[in-house]
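This report concerns only the one structure given below.
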Amino acid sequence: MEKSANQKTISIIGGGLVGSLNACFFAKKGFIVELYEAREDIRTAKSVSGRSINLALSYRGRQALKAVNLEDKIVANGIPMRARMIHSVNGEKYSMPYGKNDQYILSVDRANLNKELLTAAEKYSNVKLHFQHKLTDCNVESGMLVFKGKQGTAKHTYADLIVGCDGAFSSVRKQFMKKKRFNYSHVYIPHGYKELTIPPKNGEFALEPNYLHIWPRNTFMMIALPNLLSQGNPPSPSPVVEDIECTDAQPLMFPDDEDTRL
Ligand SMILES: Cc1cc2nc3c(=O)[nH]c(=O)nc-3n(C[C@H](O)[C@H](O)[C@H](O)COP(=O)(O)OP(=O)(O)OC[C@H]3O[C@@H](n4cnc5c(N)ncnc54)[C@H](O)[C@@H]3O)c2cc1C
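Under my numbering, the first residue of the sequence shown carries the number 14, and numbering increases by one thereafter.
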């Protein structure tokens, strides 16, 4: 797209969920959007690192997707979770609804959501996606940006506005930290994090599918979200697996492990 004299360029750093969604919003407003992502394109990459646990999508997230015409597509492949299923330490289970009978949150495939958002961003003629561009330096006042490209070569460019969407260890934030009087604190919780998978039983979900399962254990917790094992596009409803997320899990505290095969 040809840039008009007064059209501003926005550089978005990071093509995760926030960066790719932001690209769509800025594009709708008519800005020239350059999105830089350190990883290769997850839509074509052979293997993708990072969190794989499904994401719980609520009303607020759906509104954002609606604004970029993606709500129906993402919701169609989501699994409604109408309640939390609490697994007590004595083996009893009880459910706690998220809302009224017709209300639910959705378990959606995180990688697929990111891929759809990148594709939606790319559809705007004023958006350009640059993969394998890792930000190494920037100056938020001058708009100067430096990236490490595919072959390790440095690439310099400028933007009217830099938007940092580069996640928890943000390189953009690191540049702010060099500024005088910039306050920042980072506190680690004492817990670890582990992802497990519960395979299907006889081709069916091993746990009740329409719940977000929670094993609250005071100092740590384990959660599990239903997940459609993707076998092509759209995902096939069978076989099924469930992602599970836990911290410092102690097997003796999970009396229902016969069901879950932990
Ligand atoms: C275990 C877990 C479970 C969660 N569950 C939920 C949930 O159920 N529902 C929910 O709404 N949220 C959930 N969240 C939060 C949600 O995942 C995050 O809020 C969301 O991923 C943040 O998106 P992001 O785009 O800011 O960051 P990220 O997803 O981390 O993306 C950052 C991107 O920036 C890129 N990048 C990093 N550094 C650079 C650089 N120097 N140059 C260029 N690119 C760079 C990375 O490669 C990455 O693609 C969960 C988070 C975790 C950790």
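We put the CB at the ideal spot given by N, CA and C, even for glycine.
According to DSSP, which residues form a beta bridge with residue i?
i: K147; result: K161
i: K207; result: C259
i: G177; result: I26
i: H199; result: H199 is not bridged to any residue.
i: Y107; result: I99
Compare the C-alpha of residue i against each of the options and name the closest.
i: P212; options: A237, I227, V200, R194; result: A237
i: G91; options: M109, L119, A80, A77; result: L119
i: T166; options: L148, K136, V153, G156; result: L148
i: R75; options: P93, Q164, A219; result: P93
i: P229; options: A18, G104, V185; result: G104
i: L136; options: E255, V81, Y224, P268; result: Just to set this straight, residue 136 is Lys in the shown sequence, not Leu. Taking only the C-alpha atoms, the option nearest K136 is V81.
i: P203; options: A172, F233, E221, I227; result: F233
i: V185; options: Y107, G156, K141; result: G156
i: G28; options: V121, L225, C178, V200; result: C178
i: L142; options: M266, A36, K21; result: A36
i: F218; options: L30, K41, V200, E255; result: E255
In the structure shown, what three-state DSSP assignment does residue i receive?
i: S24; result: strand
i: L83; result: coil
i: F233; result: strand
i: R97; result: strand
i: C89; result: This sequence places Ala at residue 89; Cys is not what is there. Helix.
i: T57; result: coil
i: L130; result: helix
i: S138; result: coil
i: V102; result: coil
i: G32; result: helix
i: R72; result: Per the sequence presented here, residue 72 reads as Tyr, with Arg not at that position. Looking at Y72 - three-state DSSP - the assignment turns out to be helix.
i: A167; result: strand
i: K214; result: strand
i: N223; result: coil
i: S17; result: coil
i: P268; result: coil
i: N125; result: helix
i: V185; result: helix
Under the rule that 16 or more other beta-carbon atoms within 10 Å means buried, what is residue i, buried or exposed?
i: R194; result: exposed
i: S243; result: For S243, the predicted structure reports a pLDDT of 47, less than 50, and the residue's modelled location is therefore unreliable. A value from the coordinates is still provided. Answer is exposed; the Cβ neighbour count stays below 16.
i: M109; result: exposed
i: H169; result: exposed
i: A134; result: buried
i: F39; result: buried
i: R73; result: exposed
i: G245; result: Confidence in G245 is poor, its pLDDT being 43 and thus under 50, which makes the residue's placement unreliable; the coordinate value appears in the next sentence. Under this definition G245 is an exposed residue.
Do residue j and residue i count as a contact pair if the criterion is CB distance below 8 Å?
i: V176; j: I25; result: yes
i: E129; j: K86; result: yes
i: N67; j: N240; result: yes
i: S65; j: N127; result: no
i: H100; j: I227; result: yes
i: V61; j: V140; result: no
i: Q146; j: E50; result: The residue asked about is misnamed: residue 146 is His in this sequence, not Gln. Result yes, Cβ atoms of H146 and E50 sit closer than 8 Å.
i: A89; j: Y224; result: no
i: L158; j: I23; result: no
i: C259; j: K207; result: yes
i: V102; j: M266; result: yes
i: V121; j: L70; result: yes
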